[in-house]
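Numbering (UniProt numbering), first residue to last: 1 to 1026.
Glycine included, every Cβ here is placed at the ideal spot set by N, Cα and C.
Computed from a predicted structure; not experimentally measured.
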């Protein structure tokens, strides 16, 4: 062991470091802790240093051993390559399977399923091993492949080639057997063996095509109903064997009329197969082999049958010569379908399906859980602003016109005309994170009345597990909203994917209603809107599959107290001029004047109390003054300039013109937010407008810019012959001069998500700055001894958490999460009725006793509105054992109405209205209330701004001074409207409307509400055309 020894003189000594002086007058620093005791300045010390080579060797061996363990653990085993196999194939569906993934030490990033080289969607997790794809074409070749992406790289499975069956191929029949007689069971098993089908099984599975039973009982029967698997009698299999093909399943439903189960001759069966397809679906994603020959035209069906039999050839020729001149069996089928056409149009607004298909929906995710029935897809046929569709080859689902609906006619869409349905995923990727779930719930459209009762019974049983019996909350027409507008460069793309994902991300901006409208071929609008959360309105498979087109709008509505008729769900639509759809966030302060103008001058009917409908019709009236057959950007800017001069208030708007494109604009003061982003793809550049930047960020849009006050951006869809790369044409213009740049400060205090950047200001960092400013107010209020008065700082989740943490760190106080939030309860400041608000606070928050017991607590919240929430929070803290409770608000006292889109409450209901801080303390039960000062709040937001044009904010809710000014008697009108809505809600308003719950548990307008809106699947008399 090598060593050395040196002598030093201690030149300086303190508690942490000593300065040592060498003989040649060099200075070195040495830790005082390592010196012997009683050493002082001037002491002479000898230091000996030795090298421990033995220890070095031990550490080297330990390190090498660790390296080998890491190599053997992480460097030897790699993730296994997925091995894709087919579990079952039918005429229109395939069930795929693969072994459980062995990821070794890697982590899964994504696993996607591809069909014919195109991505269908994502597999949700590594434990999923099966999926079912429906809606495939009859007798068609397909290639499927899995692509697994992990932290160790990308691996692709084998390319699995399959071919869907002809109608005469019964090998895909895969039945689950319920309660039947032993003799029938033996006969069934023998029949399945003879036709080459799989042996029956006892439990419902993902590849189950039919449930065979002679009575409705048992857990598997209930499960089959929940999954919309056709429940048939045992004779169904014998009928298939007898006719040598898949027979129409409707005649063989359990409890259907036995007299309709006729033994048809082979010629009649072939004739039925060749009959024109009637009444249909936005996709014909059928459940399985039982009944599906999806999306085939007469010629295609005829060709298929020609290959099968000479009898079919003769019948096809007769059908082509004279439609409907077929045998009695085919006529009976056609009449049955025609009778269901009106019900179909009202219920789902779908396109067409073969008479041989009965789209009995199956849930196709590996968990085999039922998909909750939701909103139906509505189609509006418009005259487009452009003469031709964007691309001739774009798949075009046929629409049921009013005339065709009465006759039961429709044309058939291509089998692959729709994207796979999508479910929510927390993962973040540049493509949509979706589960491959392709089946649709259309089976009950074509059922006999007896069987429909049976299915309805199953749905009621399903609702017992879905919370559908929870009472609805009545709400006032809201003012705060979230808006989206999207235009994809791919003419065959589906904007509904980005819009749906964006609405989930913006859910905090609107929980009362949601809506989406897309524009497809020939300028046709496809619309879905209704009351409820995004998952309630768009959660169904058939809903998303019917929203066709590469551009569209999305909207979320925030709940307040009073009316919430579906008629006020957005986007709104007018057919003249040109076909316009519009979604709006904000409020107009001169609504009464605009209604008078539209009635007396423009002669336009206003059907709701929504400012959005006013704005749309004012814009449409000025656009109509052009008198042109086709419009351009200049016409839009001219009409918009006139609209700006007419409308007063705060608003952000996205609009879409049929066949033309989308546009976004903002009020001249920039009160309500709107941001635009772009995304590069292989087809060109995609564009999206959104209320908040977090949407664009999560969906992969870059080059974000805030729409300036008085500014408008028009994104025009390129025609195929014009486009070089498919990118839309963008035109921006300052339509009117900006009167100011004053965003609503309440967005930064409360409403926006913390990961958004709004008008160059980070919401998160502005809330941190609010915490620092509020800390100074705490010191001013409590004095220098504040540490002796506060034991712990507790935030009210979630908005105030950032500010509270920064305050605690700034003041060197303990910070604890004393309240635990139930995330399945909405925000409370807008709940109707004080009693409901109090109950909801207790349901929403729970106090952790150990963080309050015996302590003086400083509770930090973003704001205090009515005081109901704050009062309950203070009482919860005291019930949990708090000694003293101080309450600090990041916002100044709210003493005035918010008139630009966040309808908080009447002035008299605001706890700070005509009250001092001491009065408010007594009102909410706190020992002291501490408010942020308005100038400090403004400084906190401006300090984080990167936008030099933002020099102030809209703060009327605190000061009573509004940037647009307020017309005389506006507040009286506003409060009278609230009072009227409250009377409507309680049923005391003459001519008012009540509310009802649909079977799906989603609030709807009752039948005496004659407003025009899209009804839910089990809706009342509302107009089905958006």
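How is residue i classed by DSSP in three states: helix, strand or coil?
{"i": "residue 31", "result": "strand"}
{"i": "residue 729", "result": "strand"}
{"i": "residue 1096", "result": "Lying before the first or after the last residue shown, residue 1096 is absent from the chain, which here runs from 1 to 1026."}
{"i": "residue 787", "result": "helix"}
{"i": "residue 61", "result": "helix"}
{"i": "residue 803", "result": "helix"}
{"i": "residue 357", "result": "Any answer about residue 357 is weak, because its pLDDT of 35 lies below 50 and its placement is not dependable; what the coordinates show is given next. Here residue 357 sits in coil by DSSP."}
{"i": "residue 638", "result": "helix"}
{"i": "residue 650", "result": "strand"}
{"i": "residue 19", "result": "strand"}
{"i": "residue 1054", "result": "Any question about residue 1054 goes unanswered here, given that the chain covers just 1 to 1026."}
{"i": "residue 718", "result": "coil"}
So, residue i versus residue j, is the Cβ gap smaller than 8 angstroms?
{"i": "residue 159", "j": "residue 143", "result": "yes"}
{"i": "residue 1075", "j": "residue 650", "result": "This structure leaves residue 1075 out entirely; the chain is present only between 1 and 1026."}
{"i": "residue 673", "j": "residue 758", "result": "yes"}
{"i": "residue 931", "j": "residue 940", "result": "no"}
{"i": "residue 656", "j": "residue 770", "result": "no"}
{"i": "residue 957", "j": "residue 894", "result": "yes"}
{"i": "residue 161", "j": "residue 206", "result": "no"}
{"i": "residue 594", "j": "residue 614", "result": "yes"}
{"i": "residue 214", "j": "residue 184", "result": "yes"}
{"i": "residue 188", "j": "residue 177", "result": "yes"}
{"i": "residue 208", "j": "residue 164", "result": "no"}
{"i": "residue 953", "j": "residue 743", "result": "yes"}
{"i": "residue 547", "j": "residue 654", "result": "no"}
{"i": "residue 694", "j": "residue 753", "result": "yes"}
Against chain B, with Cβ distances strictly below 8 angstroms, would residue i count as a contact?
{"i": "residue 122", "result": "Structure shown: chain B not included; a single protein chain is present."}
Taking all protein chains shown into account, do 16 or more other C-beta atoms lie within 10 angstroms of the C-beta of residue i, making it buried, or fewer, making it exposed?
{"i": "residue 74", "result": "exposed"}
{"i": "residue 729", "result": "exposed"}
{"i": "residue 768", "result": "buried"}
{"i": "residue 501", "result": "buried"}
{"i": "residue 545", "result": "buried"}
{"i": "residue 572", "result": "buried"}
{"i": "residue 363", "result": "Model confidence at residue 363 stands at a pLDDT of 33, short of 50, so the residue's coordinates are unreliable and nothing is read from them."}
{"i": "residue 259", "result": "exposed"}
{"i": "residue 538", "result": "buried"}
{"i": "residue 49", "result": "exposed"}
{"i": "residue 969", "result": "exposed"}
{"i": "residue 849", "result": "exposed"}
{"i": "residue 89", "result": "buried"}
Let me make sure I understand the geometry here. Which of the options has the alpha-carbon closest to that of residue i?
{"i": "residue 81", "options": "52, 145 and 66", "result": "145"}
{"i": "residue 636", "options": "646, 652 and 619", "result": "619"}
{"i": "residue 555", "options": "220, 198, 215 and 507", "result": "507"}
{"i": "residue 712", "options": "718, 45 and 734", "result": "734"}
{"i": "residue 580", "options": "928, 126, 491 and 524", "result": "524"}
{"i": "residue 15", "options": "23, 570, 32 and 25", "result": "32"}
{"i": "residue 569", "options": "557, 577 and 40", "result": "557"}
{"i": "residue 511", "options": "881, 526, 494 and 536", "result": "536"}
{"i": "residue 117", "options": "807, 99, 718 and 157", "result": "157"}
{"i": "residue 746", "options": "862, 707, 822 and 701", "result": "862"}
{"i": "residue 112", "options": "927, 96, 543 and 106", "result": "96"}
{"i": "residue 11", "options": "39, 4 and 2", "result": "39"}
{"i": "residue 962", "options": "900, 59 and 53", "result": "900"}
Which whole-angstrom value describes the C-beta separation of residue i and residue j, a residue pair presumed to lie in contact below a C-beta threshold of 8 angstroms?
{"i": "residue 726", "j": "residue 683", "result": "4 angstroms"}
{"i": "residue 820", "j": "residue 698", "result": "Wrong, their Cβ atoms sit about 27 angstroms apart, outside the cutoff."}
{"i": "residue 660", "j": "residue 509", "result": "With 8 angstroms as the limit, residue 660 and residue 509 do not qualify as a contact, their Cβ atoms being about 27 angstroms apart."}
{"i": "residue 761", "j": "residue 741", "result": "With 8 angstroms as the limit, residue 761 and residue 741 do not qualify as a contact, their Cβ atoms being about 12 angstroms apart."}
{"i": "residue 857", "j": "residue 935", "result": "Contact doesn't hold; Cβ gap of about 28 angstroms is too wide."}
{"i": "residue 21", "j": "residue 41", "result": "About 10 angstroms; that fails the 8 angstroms criterion."}
{"i": "residue 231", "j": "residue 224", "result": "6 angstroms"}
{"i": "residue 707", "j": "residue 676", "result": "6 angstroms"}
{"i": "residue 686", "j": "residue 488", "result": "5 angstroms"}
{"i": "residue 860", "j": "residue 874", "result": "In fact, because the Cβ distance is near 13 angstroms, the residues do not count as touching under 8 angstroms."}
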